[in-house]
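Novice: These protein sequence lines map, in sequence, to chains X and G.
Take the first sequence: its position 223, counting from 1, is numbered 313 in the numbering used here, and each next residue is one higher.
Take the second sequence: its position 206, counting from 1, is numbered 296 in the numbering used here, and each next residue is one higher.
2 protein chains.
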Amino acid sequence: MDEGNRYLPIADVLRQRIRSGDLAEGDQLPSIPELMRTHGVSNAVARKVLRTLVSEGLAIARSGSGTYVRERPERQILVRSWHRNARGGSPFAIEMAGQARIGSWDYTSRTVCAPEGVRRRLGLEGPGDDDVPDAMETSYVFRGDSEPVQLSTSYEPLSLVRGTPIVLPEEGPQARKGVVERMRTIGVTVTHSAELVSARLVTVVEARQLDVAPGDIVLVIERTYYADTRPVETADIVIPVARFQVLYGTSTWDAPAGE
Amino acid sequence: MDEGNRYLPIADVLRQRIRSGDLAEGDQLPSIPELMRTHGVSNAVARKVLRTLVSEGLAIARSGSGTYVRERPERQILVRSWHRNARGGSPFAIEMAGQARIGSWDYTSRTVCAPEGVRRRLGLEGPGDDDVPDAMETSYVFRGDSEPVQLSTSYEPLSLVRGTPIVLPEEGPQARKGVVERMRTIGVTVTHSAELVSARLVTVVEARQLDVAPGDIVLVIERTYYADTRPVETADIVIPVARFQVLYGTSTWDAPAGE
DNA sequence: TCGAATTTGTGCGTATGTATC
DNA sequence: GGATACATACGCACAAATTCG
Chain X
91 MDEGNRYLPI
101 ADVLRQRIRS
111 GDLAEGDQLP
121 SIPELMRTHG
131 VSNAVARKVL
141 RTLVSEGLAI
151 ARSGSGTYVR
161 ERPERQILVR
171 SWHRNARGGS
181 PFAIEMAGQA
191 RIGSWDYTSR
201 TVCAPEGVRR
211 RLGLEGPGDD
221 DVPDAMETSY
231 VFRGDSEPVQ
241 LSTSYEPLSL
251 VRGTPIVLPE
261 EGPQARKGVV
271 ERMRTIGVTV
281 THSAELVSAR
291 LVTVVEARQL
301 DVAPGDIVLV
311 IERTYYADTR
321 PVETADIVIP
331 VARFQVLYGT
341 STWDAPAGE
Chain G
91 MDEGNRYLPI
101 ADVLRQRIRS
111 GDLAEGDQLP
121 SIPELMRTHG
131 VSNAVARKVL
141 RTLVSEGLAI
151 ARSGSGTYVR
161 ERPERQILVR
171 SWHRNARGGS
181 PFAIEMAGQA
191 RIGSWDYTSR
201 TVCAPEGVRR
211 RLGLEGPGDD
221 DVPDAMETSY
231 VFRGDSEPVQ
241 LSTSYEPLSL
251 VRGTPIVLPE
261 EGPQARKGVV
271 ERMRTIGVTV
281 THSAELVSAR
291 LVTVVEARQL
301 DVAPGDIVLV
311 IERTYYADTR
321 PVETADIVIP
331 VARFQVLYGT
341 STWDAPAGE
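1. Output, in sequence order along the chain, the residues in the segment 275-304 of chain G whose CB is closer than 7 Å to any CB in chain X.
2. Touch check for the segment 214-229 of chain X and the segment 240-247 of chain X: three-plus C-beta pairs under 8 Å?
3. Taking beta-carbon pairs under 7 Å, can you tell me which members of the segment 136-162 of chain X lie near chain G?
4. So, with DSSP's three-state summary, where would you put G/I100?
5. Suppose the cutoff is 7 Å on Cβ atoms and the five residues either side in sequence are ignored; what does the same chain contact list for X/R209 look like?
6. Pick helix, strand or coil for G/S255, following the three-state DSSP scheme.
7. Quick test of the definition: if touching needs 3 or more C-beta pairs under 8 Å, does the segment 269-280 of chain X touch the segment 304-311 of chain X?
8. State the CB to CB distance for the pair G/T157 and G/L140, rounded to an integer number of angstroms; the pair is presumed to be in contact (CB under 8 Å).
9. Could you say which of G/V302, G/E115 and G/A297 lies nearest to G/E161 if we only look at CA atoms?
10. By the 9 Å beta-carbon criterion, what residues does the segment 314-339 of chain X contribute toward chain G?
11. Would you call the segment 282-296 of chain X in contact with the segment 116-127 of chain X, where contact means no fewer than 3 C-beta pairs closer than 8 Å?
12. Do X/Y230 and X/A269 come within 7 Å of each other at the CB atom, strictly closer than that value?
13. So if DSSP puts G/L248 in a beta bridge, which residue, or which two residues, is it bridged to?
14. Quick one: residues in its chain with C-beta nearer than 6 Å to the C-beta of G/D112, no 5 flanking neighbours on either side, listed in chain order?
15. With G/Q335 and X/L286 assumed to form a contact (beta carbons below 8 Å), what rounded beta-carbon distance in angstroms separates them?
16. Could you check the C-alpha separation between G/L98 and G/P120 for me, to the nearest Å?
17. Excluding sequence positions up to five away, which residues of its chain have a Cβ less than 7 Å from the Cβ of X/R333?
18. Could you tell me the distance, in whole angstroms, from the CA atom of X/A347 to the CA atom of G/R170?
19. With 7 Å as the threshold, decide whether the Cβ of X/L214 is near any Cβ in chain G.
20. Quick check on X/G262: does DSSP put it in helix, strand or coil?
21. Does the Cβ-Cβ distance between X/V159 and X/D221 come in under 7 Å?
22. Below 7 Å on C-beta distance, what does X/I122 contact in chain G?
23. Can you give the Cα-Cα distance for X/I150 and X/L143, rounded to whole angstroms?
24. Looking at chain G, which residues of the segment 102-134 of chain X have a Cβ within less than 7 Å of any of its Cβ atoms?
25. When you compare the CB of G/L241 with every CB in chain X, is at least one pair closer than 7 Å?
26. For G/D102, does the count of other Cβ atoms within 10 angstroms reach 16, so buried, or fall short, so exposed?
27. Does the beta-carbon of X/A134 have 16 or more other beta-carbons within 10 angstroms, so that it is buried, or is it exposed?
28. Please report the residue range of the beta strand (DSSP E) in which X/L291 lies.
29. In the DSSP assignment, what residue or residues form a beta bridge with G/P321?
30. Can you tell me which of the three DSSP states G/I184 falls into?
31. If we ignore side chains and look at the alpha-carbon of each, how far apart do G/I108 and X/E312 end up?
32. Could you give the residue range of the beta strand (DSSP E) that holds X/E227?
33. Starting from X/L143, follow its DSSP beta bridges and name the residues at the other end.
34. Using a Cβ-Cβ distance cut-off of 7 Å, determine whether G/L250 contacts chain X.
35. Would a C-beta distance cut-off of 7 Å place X/A284 and G/G216 closer than the cut-off?
36. Using a C-beta to C-beta distance shorter than 9 Å, which residues of chain X count as neighbours of G/L309?
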C-alpha cells in the first residue's frame with residue numbers, strides 16, 4: 091500500500107518553495123523535528139529529505155545550526171581563448187568585465203617518468219620506466235587577488251628541453267613567460283593547442299589547495315601545445331566550478347553544424 | 091569511547107583495495123550483510139560505507155544484485171570547435187578518431203517568457219512577464235548511434251524571429267540546418283559565438299534522458315551566437331562527463347599568457 | 001563563562017518493498 | 001517460487017556543533 095518513497099514529495103515541496111523564492115538564499119529550511127511534526131514522518135524520512143536537497147546542491151547543512159538555502163555568489167569568468175577577429179563587441183565586453191585575473195603563482199618542478207595518460211598526450215613511446223625520467227613536471231597554484239584560482243600540472247618531454255636554458259620552466263631568463271615564448275627561444279614554434287574539457291569531484295588535496303569544500307566539482311582541462319604535429323607540452327588544469335566559469339570564444343565558420 | 095565514525099575506516103579499507111587493484115573494475119564489493127559480519131557493525135554502518143563509495147564515484151549499486159567497482163569505459167570526444175588553420179596534423183587526427191557523431195535528435199518547441207539567466211544572455215530588458223512570451227524555446231535530445239549524447243535547450247528572441255519562416259527552428263524549409271544558416275535566411279549574419287563552460291550534478295530528469303546514473307556529473311555549456319554585438323540565440327547544452335569529453339582547439343596567438 | 005535548548009551527524013535494531021538471479 | 005541484496009521506512013539513543021539567555 092505504501093508507495094515506498096515518502097521523502098520524495100516532501101523534497102519536491104521544498105524544492106518548489108526554493109525555486110519560487112518563497113525560501114530565499116540563506117533562509118533556514120525546516121529542521122528535522124519540524125518536518126516530522128508538519129508531515130507526520132519519522133526522523134529518517136525528514137533527514138533524507140534534507141540530505142537529498144543538500145546532495146542536489148540546493149541547500150547547505152550546518153551542523154548544530156540548521157539547513158539553509160545555498161547562496162550562490164556570482165561566479166567569475168576565466169577567459170581561456172577567444173578568436174582575435176571576435177573583436178570587442180559590447181556583449182563580449184560585458185562578459186569580459188567580471189573576468190578573473192591571474193596575479194601570482196607558486197610552483198615546484200621535478201623530473202619524473204610521465205604517467206600513462208600524459209605519455210599518450212605527449213607521444214612518448216613505451217610504458218615508461220620509473221627509474222628513467224622522461225618529462226619535466228611542474229605543479230602550479232595560480233592565484234588572483236591572493237585567492238586560489240586554478241591548479242595546473244604541466245609536463246614537457248625531456249627529449250625536447252634537456253640541456254636547454256628552459257629546462258626549468260620558472261627559472262632563468264625565460265621564467266614567467268609562458269610556454270609559447272619559452273619554446274621559441276629553443277627554436278620550437280608552437281602552432282596551436284587543444285583543450286580537452288571534463289569535470290569530476292575535487293580530491294581532498296585539491297580542496298585544501300583551492301579552498302573549496304570537499305564534494306565540490308572541478309573542471310579539468312587537458313591542454314596540449316603542438317609544434318605542427320608534435321606535442322611539446324601538456325598540462326592538467328583544475329578549476330573549481332563553485333567560483334569560476336570558463337569562456338571559450340569561437341568563430342562561427344568553425345562551429346559544428348546541425349545544432 | 092566510540093570515535094563516532096565507524097564507517098570511515100571500513101570505507102578506507104575498500105578504497106585502498108580498489109586503488110591497489112585487489113578489487114578490479116566490475117568486481118562485486120562485499121554486500122551489506124557481509125560487511126556486518128566481517129566488521130561486526132550494524133546494517134546502517136555497512137550501508138553508509140557502500141553509499142559513501144558510490145557517492146565518490148568509485149562504485150555503482152545495482153539493486154537486487156550487489157555493489158560493484160565502477161567501470162570506466164574510454165570516453166568519446168565531442169569536438170565543439172577548432173580553428174580552421176589547425177588543419178589535420180596527426181595528433182589532431184588521432185584525437186578526432188574517437189569522435190562522437192550526432193546522428194539524430196528529438197525536439198519540442200514552444201514560446202515562453204525567458205527565464206532570468208537567459209534574459210541577461212539575450213539582452214532582453216526588464217524582468218519579463220509570465221503572460222507575455224518573448225522567446226522561442228526549443229528542447230533537444232541529441233543521439234549518436236542511438237545513444238543519447240547531449241541535451242540542449244535553445245532560446246531565440248521573438249523580437250527577432252516572430253513572423254519569419256524560421257520561427258520554429260525545426261520546421262519549414264530551413265529545418266535541420268543549424269542556427270547560422272537559418273539566421274542568414276532572414277538577413278541576420280552570425281559573426282561569432284561564446285561558450286561558457288561549467289559543470290554540476292545531473293538532475294533526475296536529465297539522468298533519465300541521458301541514461302546516466304543519478305549523482306553523475308554533467309558539463310553545462312551556455313552557448314550564445316552573436317550578430318556583431320547583438321545576441322541572436324543562446325542555448326544550455328548538457329553533456330554527461332561519464333561518457334564524453336569536450337575538445338576545444340585554439341590558436342596559440344590567442345592563448346592567455348603566463349601559464 | 002557557563003549551561004540549556006536546538007539541530008545535525010552518527011549509531012543500533014528491525015521491518016517491508018522490490019529488483020535480480 | 002525462493003534466495004539474495006539493496007532501498008526505504010520506523011523508533012530510539014547519544015555525540016558534536018551552534019545559539020542564546
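Built from N, CA and C at the ideal position, the CB exists for glycine as well.
None of these values were measured; they are calculated from a predicted model.
Specialist: With the structure as the only source:
1. If the cut-off is 7 Å between Cβ atoms, the segment 275-304 of chain G has V280, T281, H282, S283, A284, E285, L286, V287, S288, A289, R290 and L291 near chain X.
2. In short, these stretches touch, since the Cβ pair count reaches three.
3. Of all residues in the segment 136-162 of chain X, the ones placed with a Cβ closer than 7 Å to any Cβ belonging to chain G are E146 and G147, in chain order.
4. If DSSP states are grouped into helix, strand and coil, G/I100 belongs with the helices.
5. Excluding residues within five positions, the ones whose Cβ falls inside 7 Å are G218.
6. Checking the displayed sequence, the identity of residue 255 of chain G turns out to be Pro instead of Ser. Coil, per DSSP.
7. Taking 8 Å as the limit for Cβ pairs, the verdict is that the segment 304-311 of chain X does not touch the segment 269-280 of chain X.
8. Their Cβ separation, rounded to whole angstroms, is 5 Å, which keeps G/T157 and G/L140 in contact under 8 Å.
9. Out of G/V302, G/E115 and G/A297, G/E115 has the C-alpha closest to the C-alpha of G/E161.
10. Listed in sequence order: T314, Y315, Y316, D318, T319, R320, P321, A325, I327, V331, F334, Q335, V336, L337, Y338 and G339.
11. Result no; under three Cβ-Cβ pairs closer than 8 Å.
12. The sequence given here has Val at residue 269 of chain X, not Ala. X/Y230 sits away from X/V269, with the two beta carbons spaced by 7 Å or more.
13. DSSP output for G/L248 lists no bridge partner at all.
14. Excluding sequence neighbours, G/D112 sits near nothing in its chain.
15. Here G/Q335 really is in contact with X/L286; their C-beta atoms are around 5 Å apart, less than 8 Å.
16. When rounded, the separation of the alpha-carbon atoms in G/L98 and G/P120 is 15 Å.
17. Around X/R333: R165 and Q166.
18. Its pLDDT being 41, under 50, X/A347 is placed unreliably in this model, and the value from its coordinates should be taken loosely. One C-alpha to the other measures close to 10 Å.
19. With 7 Å as the cut-off, X/L214 does not count as an interface residue toward chain G.
20. In the structure shown, X/G262 sits in coil (DSSP, three-state: anything other than H, G, I, E or B).
21. The answer is no: Cβ separation not under 7 Å.
22. The contacting residues do not exist; X/I122 stays about 16 Å from chain G at best.
23. Just so you know, the alpha carbons of X/I150 and X/L143 end up roughly 8 Å apart.
24. Residues are counted here when their Cβ sits less than 7 Å from a Cβ of chain G; for the segment 102-134 of chain X the count is zero.
25. Using beta-carbon distances, G/L241 does not count as an interface residue toward chain X, since no partner is under 7 Å.
26. An exposed status is given to G/D102, since fewer than 16 other beta-carbon atoms sit within 10 Å of its beta-carbon.
27. Burial call: exposed.
28. Note, X/L291: beta strand (DSSP E), H282 to L291.
29. Paired residues: G/Y316.
30. With a pLDDT of 44 at G/I184, under the threshold of 50, the predicted position of this residue should be treated as unreliable, though the coordinate-derived value follows. Looking at G/I184 - three-state DSSP - the assignment turns out to be helix.
31. In this structure, the alpha-carbon of G/I108 lies about 25 Å from that of X/E312.
32. X/E227 -> beta strand (DSSP E) spans A225 to G234.
33. None; X/L143 has no bridge partner.
34. For G/L250, the closest Cβ of chain X is not nearer than 7 Å.
35. Contact: no.
36. From the beta-carbon of G/L309, the residues of chain X found nearer than 9 Å are V287, S288, A289 and L309.
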